[in-house]
Amino acid sequence: MKNSKYPLNRFALKLALFSLCFGVLQVIIYAIYPNNISLRIGMIHLYPTVIIHSIVLLMVIISGIKNYKDLSEHFLVILAMLANIPIAIGCFYAILAL
């Protein structure tokens with residue numbers, strides 16, 4: 000992360016990592032102690048996260064287009080951010096299965 004040339008990419012990776020950890024933690028908490036409060040906290044976290052991640056992802060894409068010399072760095076950040084989507088879907092199905 001510190002090797003990243005652009006502060007936006009470092010922020011995007013930290014954001015993706017935080018959302019991943021918080022989402023998985025919410026699923027684990029719900030699996031141990033299923034209640035409406037933990038489910039509501041997870042949903043309250045989900046809505047702004049989708050909006051914020053979409054905005055940051057768009058900013059990284061624009062930065063990648065503007066700074067096409069470092070396209071590989073931007074591409075890896077985009078992949079890391081997009082990797083959260085299947086993980087979030089998996090967490091959603093895990094909650095439904097519980």
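Going by numbering that gives the first Met the number 0, the first residue of the sequence shown is number 0, and it counts up by one from there. Yeah, the Cβ is synthetic: ideal placement off N, Cα and C, and Gly gets one too.
Residue i - DSSP class collapsed to helix/strand/coil
| i | result |
| --- | --- |
| residue 7 | helix |
| residue 82 | coil |
| residue 97 | coil |
| residue 33 | coil |
Distance between residue j and residue i (C-alpha atoms, nearest Å)
| i | j | result |
| --- | --- | --- |
| residue 82 | residue 16 | 10 Å |
| residue 68 | residue 92 | 39 Å |
| residue 55 | residue 73 | 12 Å |
| residue 29 | residue 40 | 10 Å |
| residue 31 | residue 38 | 12 Å |
Residue burial classification, residue i (beta-carbon count within 10 angstroms, cutoff 16)
| i | result |
| --- | --- |
| residue 46 | exposed |
| residue 90 | buried |
| residue 42 | exposed |
| residue 53 | exposed |
| residue 71 | exposed |
Neighbourhood of residue i by C-beta distance below 7 Å, restricted to the same chain and skipping five residues each side
| i | result |
| --- | --- |
| residue 76 | 8, 11, 12 and 59 |
8 Å contact criterion, which residue i and residue j should meet: CB distance rounded
| i | j | result |
| --- | --- | --- |
| residue 22 | residue 87 | 6 Å |
Own chain residues within Cβ distance below 8 Å of residue i, not counting five before or after
| i | result |
| --- | --- |
| residue 33 | 97 |
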